[in-house]
Structures are given as structure tokens and as C-alpha cells.
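Worksheet: one structure, shown below.
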Amino acid sequence: MVLDAVTQRNLELLESPRSDRKHTLIGCLDRTLTPMGARLLREWLTRPLKNVAQIHARQGVIATFATRRMCWRIFANNFTRARHGTDSRPAQWSATATHAT
7 MVLDAVTQRN
17 LELLESPRSD
27 RKHTLIGCLD
37 RTLTPMGARL
47 LREWLTRPLK
57 NVAQIHARQG
67 VIATFATRRM
77 CWRIFANNFT
87 RARHGTDSRP
97 AQWSATATHA
107 T
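Each residue of the sequence shown is one higher than the last, beginning at 7 in the working numbering.
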């Protein structure tokens with residue numbers, strides 16, 4: 007589903023009438039660390055899912071990170087190390103996160 011510009015403006019997804027990003031949904035949610043992450047978040051907000059199975063899958067990932075803090079810490083630590091070039095094992099992230107439950 008694509009939200010048109012008027013709908014995005016009325017919902018204050020990306021911009022507010024005050025031209026203040028911090029009072030928008032993206033301003034509240036955006037804690038991304040990379041430009042690619044910021045683009046993905048922007049796309050998710052402006053093109054929400056319609057498929058129920060995809061919505062449940064995304065909610066499952068969020069629930070995992072929310073309820074299993076150790077899983078989140080391991081993932082975040084590995085991501086940070088890879089981002090700074092101190093870890094060259096991104097293929098192992100999913101295996102590490104899976105075993106951290």
C-alpha cells in the first residue's frame with residue numbers, strides 16, 4: 007500500500023505543519039544508525055504492509071528483541087562491530103541471535 011502525500015502530511019509521518027521533524031512519527035521512531043536503515047524506516051512508514059502474514063512476521067521479530075534482551079544485545083554488539091570494521095562475520099549474526107534465547 008502506498009500512502010499519498012496528502013495522507014502522509016495529515017498523519018504527520020515525515021513532516022509536521024511546524025516544519026519540525028521531532029514532532030512527526032519518523033522523528034519519534036528514528037534511531038537508525040545507517041543511511042540504509044533510515045531509508046528502510048521511511049519506506050516502511052510510507053508504504054505500510056497489507057499482508058497479514060508479513061505483518062505478523064515483522065511483529066514476531068520485534069517481540070523477540072523486546073522480550074529477549076540478551077538476543078538484542080548480541081545482535082546490536084555484532085552489528086556495531088561489523089559497522090566499525092572490527093568484525094567480519096555478518097553471516098553468523100542470525101545463528102548467534104537464534105542461540106541467544
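The beta-carbon is built from N, C-alpha and C at its ideal position, and this holds for glycine as well.
Own chain residues within Cβ distance below 7 Å of residue i, not counting five before or after
{"i": "T38", "result": "A44, L47"}
Contact set for residue i: own chain, Cβ-Cβ below 8 Å, skip 5 residues either direction
{"i": "L55", "result": "M7, I61, R64"}
Beta-carbon proximity of residue i to residue j, cut-off 8 Å
{"i": "L9", "j": "T73", "result": "no"}
{"i": "R24", "j": "G33", "result": "no"}
Spatial neighbours of residue i in its chain, beta-carbon cut-off 6 Å, leaving aside the 5 residues before and after
{"i": "T13", "result": "none"}
Inset, instruction - For the region 58–69 and the region 13–25, state whether three or more C-beta atom pairs, one from each stretch, are separated by less than 8 Å. - result: Contact fails: fewer than three Cβ-Cβ distances are below 8 Å.
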